[in-house]
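Novice: My questions all concern the structure below.
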Amino acid sequence: MSDYLVIVESPAKAKTIERYLGKKYKVKASMGHVRDLPKSQMGVDIEDQFKPKYITIRGKGDVLKDLRAAAKKAKKIYLAADPDREGEAIAWHLAHILNVDEKSECRVVFNEITKDAIKESFKHPRTIDTDLVDAQQARRILDRLVGYNISPLLWKKVKKGLSAGRVQSVALKMIIDREKEIENFKPEEYWSIEGLFEKDKESFEGSFYGIEGKKQALKTEEDVKKIITGLDSKRFSIDKVNKRERKRNPAKPFTTSSLQQEAARKLNFKAKKTMMVAQQLYEGIDLGKKAGGITGLITYMRTDSTRISATAVQEAKGYIEDSYGKDYLGNLKQAKQKEGAQDAHEAIRPTSVLRDPKTMKAILSRDQLRLYKLIWERFLASQMAPAILDTMTVHLINNGIEFRATGSKIKFKGFMKVYVEGNDDQKKEDDKYLPDLKEGMEVNAKEINPNQHFTQPPPRYTEARLVRTMEELGIGRPSTYAPTLDTIQRRGYVTIDNKRFIPTELGTIVLELVDDFFPEIIDAAFTAKMEGDLDAIEEGKTEWVKIIDEFYQDFEKRLEIAEKEMEKVEIRDEPAGIDCENCGHEMVYKMGRYGKFLACSNFPECRNTKPILKEIGVTCPKCKKGNVVERKTKKRRVFFGCDRYPECDFISWDKPISRPCPKCDALLVEKKSKKETQIQCTNCEYKEKPQT
C-alpha cells in the first residue's frame with residue numbers, strides 16, 4: 001500500500017514523476033479530462049445560471065475505477081495536472097469524483113519535470129484555485145453556447161458536419177479578408193535604378209536615391225530616362241561616408257506563440273505537430289540509467305511569458321563562459337513582459353542547458369531533436385551578448401544626382417554564433433561588403449540598370465504569420481492556436497498551398513452566414529475583449545456567470561432571428577470537365593480532409609475517386625509517353641511522377657525541367673535549399689542558376 005497517490009494526465013508523465021518521488025508514492029494517469037459536457041446535448045442549463053451538466057467521458061470508466069481503487073488505499077491524494085487553466089479544471093473534476101476536499105492542500109504544480117523541480121513542488125502543495133477553474137469553465141460553456149447553437153443551423157442551411165466556433169470564426173475571417181485584399185489589389189508601377197560601381201577593381205552595388213539631397217520616387221519610365229540623361233558621365237564622386245557601429249540584440253526565449261511561429265518557418269512544422277512534439281519533450285524522454293533515466297527536457301510549453309528562473313540563467317551563464325568565453329556573456333536582464341501576458345510560468349527553455357543537442361542526437365527522434373535544438377539554441381542565444389555590426393552608407397554624386405550604397409559587416413557575432421531568429425520574408429543574414437571608401441574619392445559606374453517593378457498584394461497567411469497576428473490582436477490563448485488552425489482545415493474551410501492558407505467556397509459561405517446573423521462572433525475586437533474577460537475571471541476580478549449572461553442576452557436574440565431568416569444554401573459540385581472512366585458519368589470536384597479531389601457524380605452507385613494532378617509541362621524522361629505531374633504523399637510532401645503510373649514508375653523529389661542538360665543530354669531538375677534554388681543535372685556535375 002502506497003502512502004500517497006499522485007494523479008497526472010499522461011502515463012509518460014506518471015512514469016517520470018514516480019521515479020523521482022520514491023516508493024511511498026504511487027503515480028497514476030487520468031488520461032486527460034475525466035468529465036466533460038455531454039456530446040449529444042447542450043449540457044448547459046441556461047435557466048439555472050448556466051449550470052453545466054458534467055458526465056463521465058465515454059471510455060474513461062476503467063480509468064476512474066482504477067483511480068477510485070487507488071484513492072481508497074492512499075493516506076493522501078495529490079492532484080498534479082498541468083499548471084494552467086485546463087490542468088486546474090482536471091484537478092477540480094478529479095477532486096469531485098474522488099471526494100477530495102478542494103480546500104485542502106491537494107494541488108501540486110511544477111513548470112518542469114526534473115527531480116529537483118518535482119521534489120520542491122511537493123514541499124509546497126496548495127488548494128485548488130477556483131478562479132482558474134471558473135475561467136476554464138466559462139470558456140468551455142461560452143464555446144458550447146456558440147458551437148451548439150450555430151452549428152446545427154449550418155447543418156440545416158448548408159450541410160452536415162460544419163461548425164462555427166468563437167475563435168475559429170475570427171481566424172477564418174482573417175484569412176478570407178486577406179484573400180479579398182489580394183483580389184481587389186491594383187498593382188502600381190514604380191522603377192528603380194541600380195548601379196554597379198568599381199574602385200580599384202573592387203565592385204559594389206548602389207541604388208538611385210534622389211536629387212540634390214532630396215529623396216525622389218521613380219513612378220514611370222519617363223522619370224527614369226530623365227535621371228539617366230541627367231548623368232554627366234560614368235564618374236561619381238563620394239560626397240559623404242557614414243560609418244557607425246550597430247548592436248543587434250538576441251530574440252527573447254520562446255513563448256508558445258513564438259515557438260509555433262519559428263517551428264513553422266525553420267522546421268516546416270504545423271502548430272499541432274509543434275505542440276505534440278513539445279509535449280513529448282516536456283513529459284520526459286528516457287536518457288538511459290547513467291544519464292538519469294526518464295527526464296523532462298523542456299519546461300512547460302503553454303506559456304505567454306519570457307521570464308527565466310535565476311537558476312537557469314546562472315547555468316546558461318556558466319555554459320556560455322566555458323564554451324564561448326566571457327565576451328559572449330549577455331547582461332542577462334529579465335525581459336519585460338508584454339502587456340496582457342499572464343506570466344503564470346516561465347518561458348519555454350531546456351530544463352538543463354548542459355544537455356546540448358549533440359548529446360541528444362542518439363536519444364531523440366528526428367522531429368524531437370529538431371524541435372529541442374531550436375528551443376535550446378533560442379534559449380542560449382537569449383542569454384548571450386548582442387551582435388555588433390559595422391554599417392556604412394556611401395553617398396555617390398554625379399551632376400547633383402545621388403546614389404547610395406549600404407553595407408554591413410559583422411564585427412562581433414555575439415548571440416549570432418548560436419542562433420538567428422527567422423522571419424516570414426526570408427531575408428538573408430549575409431554580410432554586404434563595401435570596399436574601403438572615403439569622402440572625396442571618385443568611383444566608376446560599370447553599369448547603370450533601370451528596373452521596372454509593380455507593387456505586390458499583401459501575402460496570404462502562413463501558419464506562423466496567422467499565429468503572430470492572432471496573438472497581436474489578443475485572439476485566443478497559447479493553448480488555442482494549434483486546435484483552431486487544425487479545425488478550419490479539417491472542416492474544409494481553408495486549404496494550404498505553398499504553406500499559405502487559401503479559403504474555400506465552403507469557408508466563404510459559412511463566414512458570410514455567421515457575419516449576417518452573428519457579427520460579434522467574427523469581430524476580432526469583441527473576441528479579444530472576451531479573452532480579457534476570461535482573464536479577469538481567472539484573476540478573481542469578476543464572476544463567470546455575469547460574463548456569460550452579458551454575452552448570451554444579445555446572442556439569444558440573434559439566434560431567434562437566424563432561425564427564422566437564414567436561407568438554405570445549396571453548394572453544387574463543380575464539374576471537372578471529364579467523364580468517369582468506370583461508368584461514363586461526369587467527374588466533379590469534391591472537398592476532402594486533404595483538399596480537393598475528383599469524384600464521380602454518380603456516387604454512391606459509382607465510388608470512383610482520383611487525385612487532382614497538376615501538370616508541369618515536362619514529358620516523362622523514362623517512358624517518353626506520359627507527362628510529369630505534381631503529386632503529394634500522405635504527409636503532404638510534394639513529389640513528381642509520371643501520369644501513366646503504375647505503367648511507368650518514374651519518380652523525383654526534385655522538379656524536372658523541360659530542357660535536357662547541355663553537357664550530357666540527361667534530365668535537369670530544380671534543387672531547392674534554404675539559401676537558394678539551383679538547376680542541376682541528374683547525371684553529370686552541370687549546374688546553373690534559374691532565370692528570373
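Start counting the sequence shown at 1; every next residue gets the next number (full-length UniProt numbering). Virtual Cβ for every residue (Gly too), placed ideally from N, Cα, C. Here the structure is a predicted model, which means the values were calculated and not measured.
Is it a yes or a no for the stretch 361-375 touching the stretch 218-229, going by three-plus beta-carbon pairs under 8 Å?
Specialist: They do not touch, by the three-pair rule.
Novice: Assuming residue 384 and residue 328 form a contact by the criterion Cβ under 8 Å, report the distance between their Cβ atoms to the nearest whole angstrom.
Specialist: With 8 Å as the limit, residue 384 and residue 328 qualify as a contact, their Cβ atoms being about 5 Å apart.
Novice: Per DSSP, what kind of secondary structure is residue 342 in: helix, strand or coil?
Specialist: Note that residue 342 scores a pLDDT of 45, beneath 50, so its modelled location is shaky and nothing firm can be said.
Novice: Between which two residues does the beta strand (DSSP E) carrying residue 453 extend?
Specialist: Residues 442-454.
Novice: Take residue 451 as the anchor and find which of 191, 131, 135, 331 has the nearest alpha-carbon.
Specialist: Cα-wise, what sits closest to residue 451 is 191.
Novice: With the cut-off set at 9 Å, would you say residue 253 and residue 349 are in Cβ contact?
Specialist: It is a contact, given that the beta carbons lie within the stated cut-off.
Novice: Just reading off the alpha helix (DSSP H) that residue 515 is part of, what are its end residues?
Specialist: Segment 505-517, the alpha helix (DSSP H) holding residue 515.
Novice: Between the stretch 174-181 and the stretch 84-95, do three or more beta carbon pairs fall short of 8 Å?
Specialist: Flag = no, the stretch 174-181 and the stretch 84-95 do not touch.
Novice: Could you tell me the alpha carbon to alpha carbon distance between residue 56 and residue 37, rounded to whole angstroms?
Specialist: Straight-line Cα distance between these residues: approximately 9 Å.
Novice: At what residues does the alpha helix (DSSP H) containing residue 552 begin and finish?
Specialist: Its alpha helix (DSSP H) spans residues 544-565.
Novice: Would you mind stating whether residue 79 and residue 100 have Cβ atoms separated by less than 9 Å?
Specialist: Contact flag set, yes.
Novice: Tell whether a beta-carbon distance below 9 Å holds between residue 530 and residue 140.
Specialist: The answer is no: Cβ separation not under 9 Å.
Novice: Looking only at DSSP bridge pairs, what is residue 497 linked to?
Specialist: The partner list for residue 497 (beta bridge, DSSP) reads 500.
Novice: Could you spell out where the alpha helix (DSSP H) holding residue 149 opens and where it closes?
Specialist: Note, residue 149: alpha helix (DSSP H), 130-157.
Novice: Are there 16 or more other CB atoms within 10 angstroms of the CB of residue 653, so buried, or fewer, so exposed?
Specialist: Result: exposed.
Novice: Give the C-beta separation of residue 484 and residue 168 to the nearest angstrom, bearing in mind that I take them to be a contact with Cβ-Cβ under 8 Å.
Specialist: Residue 484 to residue 168, Cβ: 5 Å. Contact.
Novice: Provide the residue span of the alpha helix (DSSP H) that contains residue 483, from first to last.
Specialist: From DSSP, the alpha helix (DSSP H) with residue 483 extends over 481-490.
Novice: Since I believe residue 386 is in contact with residue 407 (beta carbons under 8 Å), could you give me their beta-carbon distance rounded to a whole number of angstroms?
Specialist: The pair is not a contact, with the Cβ atoms about 20 Å apart (cut-off 8 Å).
Novice: Would you check if the stretch 294-306 and the stretch 395-411 touch, i.e. whether three or more CB-CB distances between them fall below 8 Å?
Specialist: The stretch 395-411, when compared against the stretch 294-306, does not touch it at the 8 Å Cβ threshold.
Novice: Under three-state DSSP, which class holds residue 678?
Specialist: Here residue 678 sits in strand by DSSP.
Novice: Rounded to the nearest angstrom, what separates residue 91 and residue 249 at their Cα positions?
Specialist: Each residue's alpha carbon lies about 41 Å from the other.
Novice: Check residue 361 in the structure and name its three-state DSSP category.
Specialist: In this structure, residue 361 counts as coil in the three-state DSSP scheme.
Novice: Using 10 angstroms around the beta-carbon of residue 155, count the other beta-carbons present and answer buried if the total reaches 16, otherwise exposed.
Specialist: The residue is exposed, with fewer than 16 neighbouring Cβ atoms inside 10 Å.
Novice: I need the DSSP call for residue 54, collapsed to helix, strand or coil.
Specialist: Looking at residue 54 - three-state DSSP - the assignment turns out to be coil, as it is neither helix nor strand.
Novice: As an exercise, report each continuous beta strand (DSSP E) stretch of at least 3 residues that is fully enclosed by the UniProt domain "Toprim" (3-121), in chain order.
Specialist: 4-8, 25-29, 76-79, all fully within the UniProt domain "Toprim" (3-121).
Novice: Would you list, in sequence order, the uninterrupted alpha helix (DSSP H) runs of no fewer than 4 residues that lie entirely inside the stretch 263-316?
Specialist: Within the stretch 263-316, the complete alpha helix (DSSP H) runs of at least 4 residues are 271-283.
Novice: Measure from the alpha carbon of residue 368 to the alpha carbon of each residue in 251, 609, 273, then state which is nearest.
Specialist: Nearest C-alpha to residue 368: 273.
Novice: Can you tell me which of 76, 498, 436 puts its alpha carbon nearest to the alpha carbon of residue 459?
Specialist: For residue 459, the nearest C-alpha among the options comes from 498.
Novice: Going by C-alpha distance, which of 688, 545, 397, 418 is nearest residue 237?
Specialist: Minimum Cα distance to residue 237 is reached at 397.
Novice: Got a sec? Which residues, its chain only, sit under 8 Å from residue 580 by beta carbon, not counting five neighbours each side?
Specialist: The residues are 586, 587, 600, 601, 602, 606, 608.
Novice: Is it buried or exposed for residue 5, if we count other Cβ within 10 angstroms and need 16 for buried?
Specialist: It counts as buried.
Novice: Just the Cα atoms here: how many angstroms apart are residue 689 and residue 668?
Specialist: One C-alpha to the other measures close to 12 Å.
Novice: Of all the beta strand (DSSP E) runs that stay within the bounds of the stretch 214-266, which reach a length of 3 or more residues?
Specialist: You should have 235-248.
Novice: Report the rounded CA-to-CA distance for residue 432 versus residue 118, giving the unit in angstroms.
Specialist: The alpha-carbon atoms of residue 432 and residue 118 are separated by roughly 50 Å.
Novice: Kindly indicate the opening and closing residues of the beta strand (DSSP E) around residue 393.
Specialist: Residue 393 -> beta strand (DSSP E) spans 387-398.
Novice: Taking only three categories from DSSP, how would you classify residue 379?
Specialist: Helix.
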